[in-house]
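Report on the following structure.
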């Protein structure tokens, strides 16, 4: 580094050198905080694309075969491609990069009290592979035949044969993008787990780690242990697509249901991979804003590990109507309903943490509380789908769509907003505006419920999730049902309309916001004990740790918080 | 590049490089596990695959098993030399291991050429699809291991980063172990 600066001084001031400095700082940095911001902004940009897709296909569902403003007439193939890539983008290119990669990168080194990740260059490589995967995915929209439209689960034979899906290149590019994304997160995950295990500040024991670190680490391990079979499956499916093997082709001795097993063996733990980080953020936020210890730290930890283990034994509940043995369905019904116990327990633990606390409803706290409330609805409706008998009716209806949006919206959107509003002062050294934040919060939450409550009812009434034009189905095209589709779409428009408020609040206050001090929320964890924003190297001197992360309102202390690194 | 403090700490007691490598291997185990699990289930459902499997060359496979096991031995000797601080010897041992990997790939090349010439291509049927995919994925690991080993050996010769000799050795044992599963499943089971 020092050498290249010296070189700069000797050379005449070219525009190039400025470019290089800028490039090195923003695109070639190995600093964990910069990589976190790269992931955050890339994820948010892709979130805008995913939201735009939702806007287009919801307009088609509510106002069939009318040109959509900003898109035009939606064809059946367009509709399928938009739905498919909305799902894939929101999970693989928004929830994963923002919740795990951005917050993992930003928080883990700061929260464990060290200066960077253990492998900074591997970290940079992980982001670069992720960026390439996003570009490959975006590119799939511009190839012959268009983007893949066979749902984000990519079931063969539809995904395997161009004769069926009519998109000769889309499925392969889609699969390549997903596989690259997995590689990026494997590299990132190894970095996270190793950093948390090995780079903790002197004095910091495993049970002194903030819950956010534990959750990201457990999520990374779940990802690592579940994604392998799908990587193998992706190679097999790609061979089926490109060189004509028959792994998933029943005519040639293959088995299409095998793909579903490989996909969901990953796909269900993946739900917990993205759920755990925001659960960790919520733990940090509710303790800070209720000035209470986290209720039952070790119980939360063991419960989470239990949930993680159990999440490997529930996958076939996605396949109840795929022709799996009914005896197997029974077993998976039981495991699926079982897994709601630890998750319910976590909700109770968080509520117990709030009990008798001195709660202040700052914007991050509102998001954290909304997370618990909305995720609860997602969890409760999951019980209907986990019961194999009920699932035969509900499968592939909008009830399922509403159910998993009540889990994924709290995870990916509410969780992100909670994390961003809470750690914004640390990331950028300035405050966001509270009033704008509250307006954005209430309208977003109202809009979200307005979208998906009608979809529960529509699903129960029989709306199939893959139908592009209901006017072809007279019994579903009744004015009452259509009115609910319109209500959901209008709610979406309202929700999208307030997102620019967040964007304004986020980008403007990077430069114009009120300057934030090092520890604006009076929190205990180590990231708040270094300057805002943290300089290169984070801490000076490096911290030592004396206690756990949640010593709020400790009796006999003047302050109601007790930083982890404070000797007294 | 200056190593960050984070890289030098070892709160768990296991050196950072080795800890990370175990996680790499954990994630590799599930990749091969998924592939071989799929193969096993197919194999159990298709008794006729044993006739296809009878066309594989067990003796070539056995020879390759011997080659890989021997190359693991030199990786261990390399580790021993690195522990004693003898980087030159460690590098030499790693080059032997590399040579083993290369021999393995050459034998594989002859096998595949023979099989493809006799019509047993990857698209011939399910057995051959798995045969080429599983052995191919393993072969990629052999190639990657050899390339990394050349870099580690180049450093070790100058007595730099000697701890990496052990790490590449652990990785090589893993590659070896995968073959120990592949050999009976693809060659011996007729």
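Protein chains in written order, with the numbering used here: chain A, -2 to 565; chain B, 6 to 195. Built from N, CA and C at the ideal position, the CB exists for glycine as well. Given the structure is predicted, the values throughout are model-derived calculations rather than measurements.
Hey, out of A:480, A:509 and A:402, whose CA is closest to residue 372 (chain A)'s CA?
A:402
Below 8 Å between beta carbons is the criterion; list the residues of the segment 221 to 236 of chain A that meet it against any residue of chain B, in chain order.
221, 222, 223, 224, 225, 226, 227, 228, 229, 230, 232, 233 and 236
Contact under 8 Å by Cβ, residue 506 (chain A) with residue 430 (chain A):
yes
In chain A, what lies closer than 8 Å to residue 128 (chain B) by C-beta?
240, 241, 242 and 243
Beta carbon of residue 360 (chain A) nearer than 8 Å to that of residue 418 (chain A):
yes
Return the CA-CA distance between residue 140 (chain B) and residue 310 (chain A), expressed in angstroms with no decimal places.
29 Å
Does the Cβ of residue 486 (chain A) have 16 or more other Cβ atoms within 10 Å, making it buried, or fewer, making it exposed?
buried
Any beta-carbon of chain A closer than 8 Å to the one on residue 173 (chain B)?
no
Strictly below 7 Å CB to CB, what residues from chain A border residue 114 (chain B)?
By Cβ distance, chain A contributes nothing, its closest Cβ being about 19 Å from residue 114 (chain B), past 7 Å.
Considering only the beta carbon of each residue, do residue 562 (chain A) and residue 549 (chain A) sit closer than 8 Å?
no
Classify residue 10 (chain A): buried if its beta carbon has 16 or more other beta carbons within 10 angstroms, exposed otherwise.
Because residue 10 (chain A) carries a pLDDT of 38, less than 50, the predicted location of this residue cannot be relied on, and the following value inherits that uncertainty. Exposed, since its Cβ has fewer than 16 Cβ neighbours within 10 Å.
Residue of B:188, B:80 and B:119 minimising C-alpha distance to residue 197 (chain B):
A question about residue 197 (chain B) goes unanswered here, because the residues of chain B that appear run from 6 up to 195.
Alpha carbon of residue 244 (chain A) to alpha carbon of residue 339 (chain A), nearest angstrom:
37 Å
Please confirm if residue 113 (chain A) has its CB atom under 8 Å from at least one CB of chain B.
yes
With residue 147 (chain B) and residue 106 (chain B) assumed to form a contact (beta carbons below 8 Å), what rounded beta-carbon distance in angstroms separates them?
5 Å
From what residue to what residue does the alpha helix (DSSP H) around residue 35 (chain A) run?
29 to 59
When burial is assigned at 16 or more other CB atoms within 10 Å of the CB, is residue 123 (chain B) buried or exposed?
exposed
Please state whether the Cβ-Cβ distance between residue 425 (chain A) and residue 528 (chain A) is less than 8 Å.
no
Mind checking if residue 81 (chain B) is an interface residue toward chain A, Cβ cutoff 8 Å exclusive?
no
Beta-bridge pairing of residue 123 (chain B) - partner residues as DSSP gives them
For residue 123 (chain B), which the question treats as bridged, DSSP gives no partner whatsoever.
If residue 209 (chain A) and residue 109 (chain A) are in contact, beta carbons under 8 Å, what's the gap, nearest whole angstrom?
Not confirmed; about 11 Å, so no contact.
Contact with chain A by residue 9 (chain B), beta-carbon distance below 8 Å:
yes
Applying a beta-carbon distance threshold of less than 9 Å, which residues of chain A neighbour residue 84 (chain B)?
Per Cβ cutoff of 9 Å: no residues; residue 84 (chain B) is ~21 Å from chain A at best.
Going by Cα to Cα distance, which pick from A:540, A:276 and A:41 is closest to residue 214 (chain A)?
A:276
Considering only residues of the segment 146 to 195 of chain A, which uninterrupted alpha helix (DSSP H) runs meet the minimum length of 4 residues and lie entirely inside it, listed in chain order?
159 to 162 and 167 to 195
So residue 574 (chain A) and residue 116 (chain A) are in contact, right, with Cβ under 8 Å, and what is the actual spacing, rounded?
One cannot answer for residue 574 (chain A) here, as it falls past the ends of chain A, which runs -2 to 565.
Expressed to the nearest angstrom, what Euclidean distance is found between the alpha-carbon atoms of residue 56 (chain A) and residue 462 (chain A)?
15 Å
Given 8 Å, three or more beta-carbon pairs between the segment 211 to 231 of chain A and the segment 173 to 187 of chain A
yes
Inter-stretch contact (C-beta, 8 Å, three-pair minimum) for the segment 351 to 360 of chain A and the segment 320 to 338 of chain A:
no
Is residue 394 (chain A) helix, strand or coil when you go by DSSP?
strand
Alpha carbons only, please: which of A:470, A:387, A:451 and A:534 is nearest the one belonging to residue 481 (chain A)?
A:451
Going along the chain, which residues of its own chain have a beta-carbon closer than 7 Å to the beta-carbon of residue 125 (chain B), five neighbours each way excluded?
60 and 133
With distances taken between CB atoms, is the gap from residue 207 (chain A) to residue 471 (chain A) smaller than 8 Å?
no
With distances taken between CB atoms, is the gap from residue 315 (chain A) to residue 256 (chain A) smaller than 8 Å?
no
Could you give the DSSP three-state label for residue 554 (chain A): helix, strand or coil?
coil
Contact between the segment 42 to 59 of chain B and the segment 151 to 158 of chain A is defined here as three or more beta-carbon pairs at a separation below 8 Å; is this criterion met?
no
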